[in-house]
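**Student:** Structure below; questions to follow.
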Ligand SMILES: [Zn+2]
């Protein structure tokens with residue numbers, strides 16, 4: 008069984024002491040490719056070093072909405088040139104809106120739109136972080152597609168929306184990625200969303216080191232090997248085998264991020 012973890016943060020401090028054993032465990036679990044996300048462009052060098060250490064890892068460059076206040080005028084140029092300088096960059100992000108922890112709508116929107124422009128120019132998919140902001144993210148993506156006349160490609164990562172919101176992003180052509188939150192017992196809306204996403208738009212991720220899935224939920228640190236539990240839960244919710252989910256999500260990730268197995 009081959010799995011792809013489409014969203015990891017392995018450059019965080021908690022992985023530094025034992026990254027080699029973390030890797031052995033993801034290899035044993037069948038994780039054949041990983042997409043490393045990026046919360047701010049200053050991380051580029053540390054992520055690039057990990058990507059060069061582990062050939063199965065590709066990565067993104069971008070600025071997280073909760074860091075939007077760090078945006079400077081020359082950052083668009085910086086993200087553009089970093090992304091074009093490195094063949095292992097397969098996406099721009101993570102970008103988006105987060106009104107759960109912040110309310111600086113104007114700044115977040117400006118930074119989000121600036122990064123959509125870079126992705127479109129470089130023909131790269133976007134990784135979208137959306138928390139308590141589905142309506143606003145939908146509106147921005149819809150406006151973008153209407154005004155440019157070209158569809159954006161991308162993924163709603165660590166998705167936590169209702170089936171209705173999920174449908175909005177499917178209609179926009181986006182992929183929907185489920186994380187450990189889909190294994191949480193009370194996450195009824197996420198369960199319903201995981202059951203209704205069309206097969207060719209389904210992705211899985213850990214978002215590690217955050218959000219360890221059941222049965223590892225008590226652990227302080229999540230890791231890529233645990234994407235297997237996400238696959239198992241998604242399979243259960245859809246009445247499919249875990250092998251079928253692994254196969255489908257691996258194909259989908261290869262298509263979206265242009266990965267070759
Ligand atoms: Zn992330």
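Numbering (this note's numbering), first residue to last: 8 to 268.
Virtual Cβ for every residue (Gly too), placed ideally from N, Cα, C.
#1: Using only the heavy atoms of ligand 1, determine whether one of them is closer than 6 Å to the beta carbon of residue 101.
#2: So, using beta-carbon positions, are residue 9 and residue 257 closer together than 7 Å?
#3: Would residue 90 pass as a contact of residue 129 if the rule is Cβ separation under 7 Å?
#4: Determine the burial state of residue 205: buried for a count of at least 16 other Cβ atoms within 10 Å of its Cβ, exposed for fewer.
#5: Any idea if residue 55 is buried or exposed, counting beta-carbon neighbours within 10 angstroms, 16 or more meaning buried?
#6: For residue 60, count the other beta carbons within 10 Å of its own beta carbon; 16 or more makes it buried, fewer makes it exposed. Which is it?
#7: CA-CA distance, residue 173 and residue 68?
#8: Might you give, ordered along the chain, the residues of its own chain that have their beta carbon closer than 8 Å to the beta carbon of residue 97, omitting 5 neighbours on each side?
#9: What residues are listed by DSSP as bridge partners for residue 43?
#10: Quick one: residues in its chain with C-beta nearer than 7 Å to the C-beta of residue 147, no 5 flanking neighbours on either side, listed in chain order?
#11: Distance, Cα to Cα, residue 209 vs residue 254?
#12: Does the segment 211-225 come close enough to the segment 12-32 to have 3 or more Cβ pairs within less than 8 Å?
#13: In this structure, does DSSP put residue 185 in helix, strand or coil?
#14: Give every residue of the same chain whose Cβ lies closer than 6 Å to the Cβ of residue 181, excluding the five residues on either side of it in the sequence, and list them in chain order.
#15: Within this structure, are the beta carbons of residue 167 and residue 134 separated by less than 7 Å?
#16: Under the criterion of a Cβ to heavy atom distance below 6 Å, does residue 214 qualify as lining ligand 1?
#17: Any heavy atom of ligand 1 closer than 6 Å to the CB of residue 53?
#18: State whether the segment 224-237 contacts the segment 30-50, with contact taken as three or more CB pairs (one from each stretch) at a distance under 8 Å.
#19: Give me the Cα-Cα distance between residue 252 and residue 190, rounded to the nearest whole angstrom.
#20: In whole angstroms, what is the alpha-carbon distance linking residue 92 and residue 51?
#21: On the three-state DSSP scale, how would you describe residue 247?
#22: Does the beta-carbon distance from residue 107 to residue 138 come in below 7 Å?
#23: Taking just the CA atoms, how far does residue 157 sit from residue 75?
#24: Is the beta carbon of residue 110 less than 7 Å from the beta carbon of residue 73?
#25: Shorter than 6 Å, the distance from the beta carbon of residue 44 to the closest heavy atom of ligand 1, or not?
#26: Helix, strand or coil: how does DSSP classify residue 133 here?
**Tutor:** This is what the structure gives:
#1: yes
#2: Residue 257 sits close to residue 9, with the two beta carbons spaced by under 7 Å.
#3: Between residue 90 and residue 129, the C-beta gap is smaller than 7 Å, which places the two residues in contact.
#4: exposed
#5: Buried.
#6: exposed
#7: 25 Å
#8: The residues are 42, 65, 66, 67, 131, 132, 264, 265 and 266.
#9: 15 and 66
#10: 116, 119 and 120
#11: So the alpha carbons of these two residues sit roughly 11 Å apart.
#12: yes
#13: strand
#14: 161 and 163
#15: no
#16: At least one heavy atom of ligand 1 sits closer than 6 Å to the Cβ of residue 214.
#17: No; taking the cut-off as 6 Å, the Cβ of residue 53 has no heavy atom of ligand 1 nearer than that.
#18: Yes, the segment 224-237 is in contact with the segment 30-50.
#19: 15 Å
#20: Each residue's alpha carbon lies about 11 Å from the other.
#21: coil
#22: Going by beta carbons, residue 107 and residue 138 fall inside the 7 Å limit.
#23: 26 Å
#24: With contacts defined as CB atoms closer than 7 Å, residue 110 and residue 73 fail to qualify as a contacting pair.
#25: Yes.
#26: Under the three-state reduction of DSSP output, residue 133 falls in the strand class.
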